[in-house]
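Numbering (the numbering used here), first residue to last: 10 to 293.
Every residue gets a Cβ at the ideal spot worked out from N, C-alpha and C, and that includes glycine.
Each remark here refers to the structure printed beneath this line.
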Amino acid sequence: MNNKRTGEKIIYWTMRGITYSVVLFIAYILFDILINGLPAISWDFITGDPEKSGAEGGIFPAILGTLLLVVGTIVVALPLGMFSAIYLTEYAKQSKFTQSIRMAIVTLAGVPSIVFGLFGLGLFVITLDFGSSLLAGSLTLACMVLPTIIVSSEEALKSVPKYMREGSLALGATKWETIYKNVLPYALPGMLTGSILGVGRAAGETAPILLTAAAFFLPELPTSVFDQVMALPYHLYILATQHPEAQKILPMQYGTALVLLLLVVGLNFGAIIFRIRVRKKYKW
Numbered sequence: 010m011n012n013k014r015t016g017e018k019i020i021y022w023t024m025r026g027i028t029y030s031v032v033l034f035i036a037y038i039l040f041d042i043l044i045n046g047l048p049a050i051s052w053d054f055i056t057g058d059p060e061k062s063g064a065e066g067g068i069f070p071a072i073l074g075t076l077l078l079v080v081g082t083i084v085v086a087l088p089l090g091m092f093s094a095i096y097l098t099e100y101a102k103q104s105k106f107t108q109s110i111r112m113a114i115v116t117l118a119g120v121p122s123i124v125f126g127l128f129g130l131g132l133f134v135i136t137l138d139f140g141s142s143l144l145a146g147s148l149t150l151a152c153m154v155l156p157t158i159i160v161s162s163e164e165a166l167k168s169v170p171k172y173m174r175e176g177s178l179a180l181g182a183t184k185w186e187t188i189y190k191n192v193l194p195y196a197l198p199g200m201l202t203g204s205i206l207g208v209g210r211a212a213g214e215t216a217p218i219l220l221t222a223a224a225f226f227l228p229e230l231p232t233s234v235f236d237q238v239m240a241l242p243y244h245l246y247i248l249a250t251q252h253p254e255a256q257k258i259l260p261m262q263y264g265t266a267l268v269l270l271l272l273v274v275g276l277n278f279g280a281i282i283f284r285i286r287v288r289k290k291y292k293w
């Protein structure tokens, strides 16, 4: 008995130590970005255009381009992912075919982002002749986050008790009425939260937009979906790896990283607030 308790304590403290180590490591990274990035943040930095190959000026075009890519990704991926999850959960029969579809979706969720970038380059940029553009980048990012949205939406739908469906059907409601009025209101917080978390990941990706949408410097803001855009992840990548005076412009790098971090945190925080509000409205 004592040996079992000793072994259990060892496992407990080992797991606790690993958890604290991860938290401290992440806290150190955030603290480093915050301390070094705050001095670079100013109104001119947020609203200005980059100058001298990004060594001076602001990052407004990159902020706008990132937001446009995120909006485009949401517009494409959110409805496709949610309706796919509804079909797989509520309509599709449980068979080997649907199991293989689910396995393919889970597999795609683990594919490296550079592979999606090459896929977007081949399909959207070259084959469909969209060129390097906001449209091609948004579609590529949508393909990348689609598996995550489908999986999270499926789990949210499955969490709704079966008696809510059976009661509605017993009262004469159609299948879609049951889903729309009795299932979706309670599954929606989880569906949207998981979806926005996936989109938040897309906001920080560099490889897909590197091949399909991003430019380091543009003299004008995009005016259509077929224009290239600047984006914070790609802008930061160039400043950190390709700029001839990378050490000299460290404040610009940290400032850009901090803005990107705040953008992703803002998306996640918005998802949490929305989930809390909807859950208060629909309780079961």
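Rounded Cβ spacing between residue i and residue j (contact assumed at less than 8 Å)
{"i": "Pro198", "j": "Val287", "result": "4 Å"}
{"i": "Ala118", "j": "Leu166", "result": "Not quite, the Cβ-Cβ distance comes to about 17 Å (not below 8 Å), so this is no contact."}
{"i": "Ser161", "j": "Met200", "result": "7 Å"}
{"i": "Ile114", "j": "Pro88", "result": "Wrong, their Cβ atoms sit about 16 Å apart, outside the cutoff."}
{"i": "Gly90", "j": "Ile158", "result": "3 Å"}
{"i": "Leu227", "j": "Ile50", "result": "Incorrect: roughly 22 Å between the Cβ atoms, too far for contact."}
{"i": "Glu99", "j": "Ile188", "result": "6 Å"}
{"i": "Val85", "j": "Ser147", "result": "6 Å"}
{"i": "Leu245", "j": "Leu269", "result": "7 Å"}
{"i": "Ile68", "j": "Thr265", "result": "6 Å"}
First and last residue of the uninterrupted alpha helix (DSSP H) at residue i
{"i": "Thr98", "result": "Thr98 -> no alpha helix (DSSP H), and no H or E assigned at all."}
{"i": "Phe380", "result": "Because the chain in this structure spans residues 10 to 293, residue 380 falls outside the shown range and cannot be described."}
{"i": "Pro194", "result": "193 to 212"}
{"i": "Tyr172", "result": "171 to 179"}
{"i": "Lys184", "result": "184 to 187"}
{"i": "Thr107", "result": "105 to 118"}
{"i": "Gly146", "result": "143 to 167"}
Residue i vs residue j beta-carbon contact at 8 Å
{"i": "Leu271", "j": "Tyr243", "result": "no"}
{"i": "Gly126", "j": "Thr149", "result": "yes"}
{"i": "Ala145", "j": "Gly131", "result": "no"}
{"i": "Ala71", "j": "Leu241", "result": "yes"}
{"i": "Ala216", "j": "Ser122", "result": "yes"}
{"i": "Glu295", "j": "Ala94", "result": "Beyond the ends of the chain as shown, which are 10 and 293, falls residue 295; an answer cannot be given."}
Residue of the options minimising C-alpha distance to residue i
{"i": "Asn45", "options": "Met261, Lys289, Glu214, Ala36", "result": "Met261"}
{"i": "Thr82", "options": "Met24, Ala211, Pro231", "result": "Ala211"}
{"i": "Asn277", "options": "Gly209, Lys257, Gln251", "result": "Gly209"}
{"i": "Thr221", "options": "Ile135, His252, Leu227, Ile158", "result": "Ile135"}
{"i": "Met153", "options": "Leu206, Lys105, Ala179, Gln108", "result": "Leu206"}
{"i": "Gly140", "options": "Val234, Glu60, Ile285", "result": "Val234"}
{"i": "Val238", "options": "Gly264, Gly74, Ala49, Thr23", "result": "Gly74"}
{"i": "Tyr172", "options": "Asn191, Ala216, Trp185, Thr98", "result": "Asn191"}
{"i": "Ile282", "options": "Thr202, Leu241, Thr107, Thr215", "result": "Thr202"}
{"i": "Ile247", "options": "Ala223, Asp236, Trp185, Glu229", "result": "Ala223"}
{"i": "Phe133", "options": "Ala151, Leu193, Ser204", "result": "Ala151"}
{"i": "Asp53", "options": "Leu76, Gly26, Glu65", "result": "Glu65"}
Opposing strand residues paired with residue i [DSSP bridges]
{"i": "Pro59", "result": "Gly66"}
{"i": "Val1", "result": "Nothing about residue 1 can be read from this structure; the chain reaches only from 10 to 293."}
Cβ of residue i within 8 Å of any chain C Cβ
{"i": "Gln237", "result": "The chain labelled as chain C is not found in the depicted structure, where only one protein chain is given."}
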